[in-house]
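Worksheet: the structure to be examined is printed underneath.
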Amino acid sequence: MVRPAISDGFAFLFLLLLIVPVTAAGIAPYIITTTPAGDVSQRPYSILLFIPKQTMIHSDQINDMTNGPGGETIIGTSFGLSTYNGSWSTRHTNLQNISEGLMDDYITAVERDSAGNLWIGYSGGLQIYDGNSFRSIRDQQILKETRIKDFQRWGADMWIATGHAGMHRYRNGTWTWYQPMKRTGPGFYEVKSMALDTGADAMVITTEVEGIWLLRTPEDRATFEEIAPRYSTWGFLETARRDPLGGVYLFNTSVIVRYAPDDGFVPVLSAADLAPGTIVINDITAAPDGRLFIATDTGIFIWKDGRVLDHLTRTEGLGTSPVIRTVTIDAKNRVWFSSTGYVGYYTDQAASTIPIEIVQSVAIPSTTPTPLPTTRPTTVPVVTTVPVPEPHFFPEDSFFTFLNPLIDPIMKAIGAAGSRN
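Just add 9 to wherever you are in the sequence shown, counting from 1, and you've got our numbering.
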């Protein structure tokens, strides 16, 4: 039986619709320019997105971040140590010479000390990189547990949180272990996070199960003070972040509080203050101008003076996932964020438009450069135009080019529907 001709046409159209996702994935870099929503007095901003791949950052799982001596951004990820100074370089474990290079590709913490050395933490020890060579420390005579949870530079000292073994301090070549539950040690075993209160010259420490503690070092004598027991009003707060204006922010998935020794715990906001519905707070970072950037399951909220200044979502260019896992501000006041499939940064601009750029691969040398370049970083230009032609579905030299008037409107309709979802 001969099928009607109309069924062949329908099958052809259906086949085209099936291959649309495949062809769309190969589209060249594109730029979207929009107008900011909400208060027109807000300063314009730009969002730069990177898709993790071989020639860029290699993972979207950001575990820690610090700044390099030349202003570059150094990121410890689940797959290597990435550095951004206008272009990307990523260092991995050297399987041909394990003694030279990273100890492991999974990095738990990064921090620079007062001499400019880069400290890199792993689940099995740490390394100190001076720009030329690595010094690896895995000896349990030095580190009572080799699982590195966090680093915190404090003046000329480096403080190291290690697994269930409390804290260590490194000063002028000397290591000191502050043994948990001892007279001169902390009343906790495992640190979750550390943040320095520069205004009070003290450090706030959150723990896994033993509440919140304050560390002071008067006359070079470390004293640990419990400021919120685990089952007290504020003891359930999980993570500490530094406030550049003094004090420390503490938060969990539903509440943000500010702490300073003179002021105590001062509530800042609850998740319900951000937007109606269920809001889950994943991370926060504070800017020098008093703004608080809040990563949530529904994008990034910008908070200041008791109100939401802006809410950035997929519509504003944060990628395809609504869940923002981390936010961290760098030395250039760029707010880095990560989500499934993307790493990017937000920065304020003095333009009247909001450029949003998706950065695809660029050619870089095949060898992996060192993570601490000595040259000044190159400036990333701000895109103020949108020079992106409308591509046809079939190229001009294709046999099927006569179908473009039919196929192009369908492709535009599908793209518009996808952007609204």
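Glycine included, each C-beta is placed from N, C-alpha and C at the ideal position.
Are residue i and residue j touching if we call contact CB-CB under 9 Å?
i      : j      : result
Ser98  : Thr86  : no
Ala165 : Ile157 : no
Phe233 : Tyr187 : yes
Leu57  : Gly328 : no
Trp345 : Ile116 : no
Asp114 : Phe88  : yes
His177 : Tyr198 : no
Gly140 : Leu152 : no
Val8   : Thr305 : Within the shown structure, residues of the chain are numbered from 10 to 430, placing residue 8 beyond reach of any answer.
Asp319 : Asp252 : no
Gly196 : Pro189 : yes
Sorted by chain position, which residues of the same chain lie with C-beta nearer than 6 Å to residue i's C-beta, five sequence neighbours on each side aside?
i      : result
Thr82  : Tyr93, Asp339
Ala249 : Ser202, Ala204, Val213, Thr215, Val257, Leu259
Thr349 : Ser330
Arg225 : Ala211, Thr232
Check residue i in the structure and name its three-state DSSP category.
i      : result
Ala295 : strand
Thr329 : coil
Glu228 : helix
Arg162 : strand
Arg156 : coil
Thr82  : strand
Ala280 : helix
Arg323 : helix
Asn76  : strand
Glu120 : strand
Thr216 : strand
Val2   : No answer is possible for residue 2: it lies beyond the span of the chain, which begins at 10 and ends at 430.
Thr171 : strand
Val317 : strand
Ser68  : coil
Tyr131 : strand
Asp357 : strand
Tyr198 : coil
Val289 : coil
Leu436 : In this structure the chain extends from 10 to 430, so residue 436 is not present and cannot be described.
Ser263 : coil
Gly125 : coil
Gly273 : strand
Leu223 : strand
Arg467 : Since the first and last residues shown for the chain are 10 and 430, residue 467 lies out of range.
Leu58  : strand
What are the boundary residues of the beta strand (DSSP E) that includes residue i?
i      : result
Trp243 : Premise fails: Trp243 is in no beta strand (DSSP E) and is neither H nor E.
Met112 : First-last for Met112: undefined, no H or E at that position.
Phe88  : Taken as a continuous stretch (DSSP letters only), Phe88 belongs to no beta strand (DSSP E), as it is neither H nor E.
Gln136 : 134-138
Pro189 : Run containing Pro189: none; DSSP gives neither H nor E here.
Arg343 : No beta strand (DSSP E) contains Arg343, which DSSP labels as neither H nor E.
Phe260 : 257-260
Ile146 : 143-146
Ile309 : 308-313
Arg99  : It is Thr, not Arg, that sits at residue 99 in the sequence shown. Thr99 -> beta strand (DSSP E) spans 97-100.
Ala209 : Note, Ala209: premise wrong, no beta strand (DSSP E); not H, not E.
Ile303 : 301-305
Ignore the nearest five residues each way along the sequence and tell me which others in residue i's own chain have a CB closer than 7 Å to its CB.
i      : result
Gly273 : none
Val218 : Arg239
Gly208 : Gly255, Gly256, Ala269
Gly299 : Leu254, Lys313
Asp159 : Ala118, Ala170, Val200, Ser202, Met203
Pro61  : His67, Ser68, Asp69, Val352
Thr185 : His177, Arg178
Under a Cβ-count criterion, where at least 16 other Cβ atoms within 10 Å of its own Cβ denotes burial, should residue i be classed as buried or exposed?
i      : result
Ala124 : exposed
Lys341 : exposed
Leu223 : buried
Asn291 : buried
Val336 : buried
Ser428 : At Ser428, the pLDDT of 45 sits below 50, so the modelled position is not reliable and the matter cannot be decided from this model.
Pro297 : exposed
Ala9   : The structure shown does not extend to residue 9, since the chain is modelled only from 10 through 430, so no value can be given for it.
Using a Cβ cut-off of 9 Å (strictly closer), state whether residue i contacts chain B.
i     : result
Ser55 : Protein chains in the displayed structure number just one, and chain B is not present.
Closer than 8 Å by C-beta to residue i: which residues in its own chain qualify, once you throw out the five before and the five after it? Chain order, please.
i      : result
Val266 : Trp243, Leu246, Tyr258, Leu259, Phe260, Phe274, Val275, Pro276, Val277
Leu301 : Tyr258, Ile265, Val277, Ile293, Thr294, Ala295, Ile311, Trp312, Lys313
Gln136 : Leu111, Met112, Trp128, Ile129, Phe143, Arg144, Ser145, Ile146
Gly134 : Met112, Ser145, Ile146, Arg147, Leu152, Thr155, Ile157
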